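Participant: Numbering (my numbering), first residue to last: 119 to 430.
A single structure is presented below for examination.
This is the structure:
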């Protein structure tokens with residue numbers, strides 16, 4: 119069976135500015151793939167090319183073996199897309215929205231009624247199906263959007279920041295629903311500003327920054343790229359720049375970066391064991407007033423590869 123999605127060398131330019139630069143990744147059948155990147159990294163532009171809203175200047179998108187360029191209608195029929203913005207008719211009920219979009223998908227009338235009942239049950243909105251969407255909370259609107267995307271039984275579900283602006287209870291409900299779909303074998307492309315969501319949902323992750331894929335692999339593979347390196351966050355009272363220079367000379371410390379007026383970030387192997395040497399090296403130029411040792415995880419890998427946190 120063909121992969122659910124193959125992106126090869128995608129490029130998108132606006133005038134002289136390249137916002138996506140030869141991006142390539144694939145999603146196997148039944149795989150959940152997380153696309154992570156800071157704001158402005160090129161995530162949304164990449165997704166717009168994948169779903170056929172934007173034409174790439176270079177590169178190809180293939181969905182379930184079908185070329186988006188050669189047969190866009192057939193390729194789009196294999197995709198369920200949940201955009202960042204709510205894409206519903208607020209004056210209609212959830213059931214009316216589903217019926218409208220189901221007819222656009224070309225689902226036969228008898229099949230559509232049964233399918234509407236199924237997706238409403240999936241997103242736990244059966245009891246509110248006759249209420250107008252404009253009366254829904256943000257989380258209920260998101261869940262209705264997901265129901266619409268699932269209506270035609272897509273081969274690939276794409277969720278772009280699906281929990282933005284929702285309350286904590288709705289966020290849990292959305293994540294539980296998405297996790298259930300993944301466990302049932304749904305192929306998934308997921309973007310989020312919440313690292314913990316991607317760690318929970320995705321089996322493989324692509325890290326994108328400045329329009330380029332910096333790393334691609336399982337969470338274990340990405341973390342292993344740090345080579346067991348710990349991140350050490352220091353707050354101190356004294357000369358930050360001079361202290362950074364001294365700490366770069368400590369054996370085992372690979373990087374010392376000034377992150378604020380009184381703060382440093384170190385990358386080091388065996389960070390906890392190095393603390394006495396770090397404190398000793400800092401003496402004379404600064405007194406360390408706070409220490410936090412963060413052992414390798416997906417967020418550490420992201421920070422190491424992009425130089426910024428996901429929310430920066």
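The beta carbon of each residue, even a glycine, is placed where N, CA and C say it ideally should be.
It should be emphasised that the depicted structure is a prediction, and the values quoted were computed from it without experimental measurement.
(1) How is the beta strand (DSSP E) around residue 120 delimited, first residue to last?
(2) In terms of residue numbering, what span does the alpha helix (DSSP H) encompassing residue 218 cover?
(3) Given a threshold of 16 other Cβ atoms within 10 Å of its Cβ, counted over all protein chains shown, does residue 308 qualify as buried or as exposed?
(4) Classify residue 280: buried if its beta carbon has 16 or more other beta carbons within 10 angstroms, exposed otherwise.
(5) Thinking C-beta only, is residue 387 closer than 7 Å to residue 347?
(6) Exposed or buried, what is residue 119 when buried is set at 16 or more other beta-carbons lying within 10 Å of its beta-carbon?
(7) From residue 381 to residue 264, what does the alpha carbon distance come to, in whole angstroms?
(8) Could you give the distance in angstroms between the alpha-carbon of residue 245 and the alpha-carbon of residue 209?
(9) From the DSSP output, in three-state form, read off residue 265 for me.
(10) Can residue 174 and residue 129 be called in contact, C-beta distance under 7 Å?
(11) How long is the line joining the alpha carbons of residue 328 and residue 356, rounded to whole angstroms?
(12) Which residues in the same chain have their Cβ closer than 7 Å to the Cβ of residue 161, if we skip the five residues on either side of it in sequence?
(13) Tell me which same chain residues have a C-beta within less than 8 Å of the C-beta of residue 207, skipping the five on either side of it?
(14) Express the C-alpha separation of residue 283 and residue 202 in angstroms, rounding to a whole number.
(15) Within this structure, are the beta carbons of residue 170 and residue 305 separated by less than 7 Å?
Facilitator: In short, the structure shows the following:
(1) As a first step, residue 120 is located in the chain shown; it is residue number 2 there, counting from the start. Per DSSP, residue 120 belongs to no beta strand (DSSP E) and is neither H nor E.
(2) Start at 1 with the first residue of the chain shown, and residue 218 comes out as number 100. Here the alpha helix (DSSP H) through residue 218 covers 212 to 223.
(3) Taking the first residue of the chain shown as position 1, residue 308 is located at position 190. Buried, because 16 or more other Cβ atoms sit within 10 Å of the Cβ of residue 308.
(4) Translated into positions along the chain shown, residue 280 becomes position 162. The residue in question, residue 280, is buried, as its Cβ has 16 or more Cβ neighbours within 10 Å.
(5) Within the chain shown, the letter at position 229 stands for residue 347. Within the chain shown, the letter at position 269 stands for residue 387. Yes, Cβ-Cβ distance for residue 347 and residue 387 is below 7 Å.
(6) To locate residue 119, count along the chain shown from 1; it is residue 1. By the 10 Å Cβ count, residue 119 comes out exposed.
(7) Taking the chain shown and counting its residues from 1, one reaches residue 381 at position 263. Taking the chain shown and counting its residues from 1, one reaches residue 264 at position 146. For residue 381 and residue 264, the distance between alpha carbons rounds to 43 Å.
(8) The residue labelled residue 245 in the question sits at position 127 within the chain shown. The residue labelled residue 209 in the question sits at position 91 within the chain shown. Approximately 18 Å, taken between the alpha carbons.
(9) Here residue 265 is taken as the residue at index 147 of the chain shown, counted from 1. Residue 265: helix per DSSP, three-state reduction.
(10) Stepping through the chain shown from its first residue, residue 174 is reached at position 56. Stepping through the chain shown from its first residue, residue 129 is reached at position 11. Cβ atoms of residue 174 and residue 129: closer than 7 Å.
(11) On the chain shown, position 210 is the one that residue 328 refers to. On the chain shown, position 238 is the one that residue 356 refers to. Rounded to the nearest angstrom, the two C-alpha atoms are 35 Å apart.
(12) As a position in the chain shown, residue 161 is number 43, starting the count at 1. Same-chain partners within the cutoff: 153, 155, 309 and 326.
(13) Numbered from 1 along the chain shown, position 89 holds the residue referred to as residue 207. Cβ contact annotation for residue 207 (same chain, cutoff 8 Å, sequence separation greater than five): 214, 215, 218 and 251, in chain order.
(14) Against the chain shown, residue 202 aligns to sequence position 84. Against the chain shown, residue 283 aligns to sequence position 165. Approximately 10 Å between the Cα atoms of the pair.
(15) In the chain shown, counting from the first residue as 1, residue 170 sits at position 52. In the chain shown, counting from the first residue as 1, residue 305 sits at position 187. No, these two residues do not count as a Cβ contact at 7 Å.
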